[in-house]
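In full-length UniProt numbering, the protein residues as written are 1 to 173.
Where a beta carbon is used, it is the ideal one built from N, C-alpha and C, also for glycine.
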């Protein structure tokens with residue numbers, strides 16, 4: 001890297017001065033990058049706790065939640081990018097893989113009963129589901145442990161809101 005990047009003391013001084021002049025670094029991103037139009041990134045799920053701090057540093061810069069994906073593949077596209085990240089919804093991308101959804105219903109005092117998965121066209125608005133994916137890389141009926149809520153339809157594909165991860169136990173090695 002030293003061959004490519006050269007020290008720039010003047011720029012370092014300017015950055016240092018800007019950081020010192022801001023109260024708690026509020027709006028730091030706007031100060032350092034005056035031409036930035038928005039910040040685009042993953043802001044749901046495990047990233048949601050960092051939104052408050054990100055907003056602080058961003059100042060007035062709009063935050064756009066990225067699409068809904070996982071290590072196993074893309075799941076949905078954010079079709080309403082101007083919504084706040086906490087309200088982001090994602091239209092399922094049916095050409096990416098085969099998606100199924102396990103309804104999450106309470107079975108009363110006996111605990112949860114796990115119903116059979118339903119297809120993309122059989123989900124219901126207002127219901128919560130666990131996402132199951134079969135992809136072109138060879139995963140077959142892989143449970144993502146993602147809990148999503150169907151909030152509507154974009155054209156004829158379900159529009160999902162990410163709720164949480166299901167049954168995740170931290171691994172301590």
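With which residues is residue i paired in a DSSP beta bridge?
i, result
"residue 40", "64"
Hey, residue i and residue j: beta-carbon distance below 8 Å or not?
i, j, result
"residue 93", "residue 77", "yes"
"residue 128", "residue 144", "no"
"residue 123", "residue 150", "yes"
"residue 88", "residue 44", "yes"
"residue 125", "residue 99", "no"
Would you mind giving the Cβ-Cβ distance between residue i and residue j, rounded to the nearest angstrom? I have them listed as a contact below 8 Å.
i, j, result
"residue 196", "residue 162", "One cannot answer for residue 196 here, as it falls past the ends of the chain, which runs 1 to 173."
"residue 147", "residue 97", "At roughly 19 Å, the Cβ-Cβ gap does not stay under 8 Å, so residue 147 and residue 97 are not in contact."
"residue 64", "residue 39", "7 Å"
"residue 101", "residue 79", "That belief does not hold up - the Cβ atoms of residue 101 and residue 79 are roughly 18 Å apart, past 8 Å."
"residue 72", "residue 139", "6 Å"
"residue 29", "residue 2", "No, residue 29 and residue 2 are not in contact; Cβ-Cβ is about 27 Å, not under 8 Å."
"residue 18", "residue 31", "5 Å"
By DSSP, does residue i sit in helix, in strand, or in coil?
i, result
"residue 173", "A caution first: residue 173 carries a pLDDT of 44, below 50, which makes its placement in the model too unreliable to give a value."
"residue 49", "helix"
"residue 12", "helix"
Check the Cβ-Cβ distances between residue i and every residue of chain B, and say whether any is below 8 Å.
i, result
"residue 73", "No chain B is part of this structure, which consists of one protein chain only."
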